[in-house]
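Trainee: The following block contains the structure, expressed as structure tokens.
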Amino acid sequence: RFIRYGAFAGCNNLYEVISLSVNPPVLSIGFSDTVAIPILKVPCGSADAYSSSRWSQYFVDIEEICDNVTITVTSANESMGTVLGSGEYEFGTEVTITATPNQGYRFVSWNDGNTDNPRTITVTEDATYIANFADEDAQIYTITAMSANDSMGTVSGGGIYPEGTGVTLTA
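Residues are numbered in the working numbering as their position in the sequence shown, beginning at 1, plus a constant of 449.
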């Protein structure tokens, strides 16, 4: 792993950086042209490695994240399918979540629109993943929701949905 020169150039309001790597990635010379970034958060047990590296010259404070993170995995309809992967995990851990459809049904997507199943996630904060299932023969539709200008506002609610699903789009 390597972080190149100017990686945070122009990020004048950057408050914290989170590194998922236990071993500090190599920084190129002149890594940051901005003022020191207040907080660097690193995985539990790795603060000494970061403090004794070039990273320490760019951050005011290096904090370890030692709290466990809760991942909740649920089925949108338990009669259609089951899920695995809920639990408490160490920050930065890779976790596999799985949705298994019952007979006559199929997995459609996770609540964030991702269709990977099984799916590997990197645990960085408490999160909930809801598996959506559909009748085996149901038509599946993709709804794309996007802002014409992201600087003026955002849109949510797009995703992959089975026929007959009520969908709320929010601008």
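Beta carbons are placed, not taken as given, at the ideal position from N, Cα and C, and that holds for glycine.
What is the rounded straight-line gap between the Cα of I511 and the Cα of L476?
Mentor: Straight-line Cα distance between these residues: approximately 16 Å.
Trainee: Under 7 Å Cβ to Cβ from D674, same chain only, skipping five residues before and after it: list those, please.
Mentor: Here the chain comprises residues numbered 450 to 620, so residue 674 is not present and cannot be evaluated.
Trainee: Do G608 and G534 count as a contact pair if the criterion is CB distance below 8 Å?
Mentor: It is not a contact, given that the beta carbons lie outside the stated cut-off.
Trainee: Pull the bridge partners of T542 from the DSSP assignment, please.
Mentor: In the DSSP output, where bridge partners are listed per residue, T542 has none listed.
Trainee: Counting Cβ pairs closer than 8 Å, one from the region 546-557 and one from the region 583-594, do we hit at least three?
Mentor: The region 546-557 vs the region 583-594: in contact.
Trainee: Classify A583 as helix, strand or coil using the three-state DSSP reduction.
Mentor: DSSP places A583 in strand when its eight states are reduced to three.
Trainee: Using 10 angstroms around the beta-carbon of Y554, count the other beta-carbons present and answer buried if the total reaches 16, otherwise exposed.
Mentor: Answer is buried; the Cβ neighbour count reaches 16.
Trainee: Please report the distance separating the alpha-carbon of Y538 from that of W559.
Mentor: Rounded to whole angstroms, Y538 to W559 spans 20 Å at the Cα level.
Trainee: How close, in whole Å, do the beta carbons of I452 and P474 come, if the pair is a contact with beta carbons under 8 Å?
Mentor: Contact flag correct, Cβ pair sits at about 5 Å.
Trainee: Ordered along the chain, which non-local residues of its own chain (more than five positions away) have a Cβ less than 6 Å from that of E612?
Mentor: Within the same chain, E612 has close Cβ partners A587 and Q588.
Trainee: Taking the alpha carbon of T573 as the reference point, which residue from E543, S600 and P567 has its own alpha carbon closest?
Mentor: Comparing Cα-Cα distances from T573 to each of E543, S600 and P567, the minimum goes to E543.
Trainee: Would you mind reading off the limits of the beta strand (DSSP E) that contains S558?
Mentor: Counting along the chain, the beta strand (DSSP E) containing S558 begins and ends at Y554 to W559.
Trainee: Exposed or buried, Y578, counting other C-beta atoms within 10 Å across all chains shown (16 or more means buried)?
Mentor: Its Cβ being crowded by 16 or more others within 10 Å, Y578 is buried.
Trainee: Helix, strand or coil for S524? Go by DSSP, reduced to three states.
Mentor: Strand, per DSSP.
Trainee: In its own chain, which residues sit with a C-beta less than 6 Å from the C-beta of S495, not counting the 5 before and 5 after it?
Mentor: The answer, listed in chain order, is V471.
Trainee: Compare the C-alpha of G530 against each of A580, P567, W504 and S502 and name the closest.
Mentor: Ranking A580, P567, W504 and S502 by Cα distance to G530 puts A580 first.
Trainee: A525: which of F556, V466, F457 and V509 sits nearest, CA to CA?
Mentor: Taking only the C-alpha atoms, the option nearest A525 is F556.
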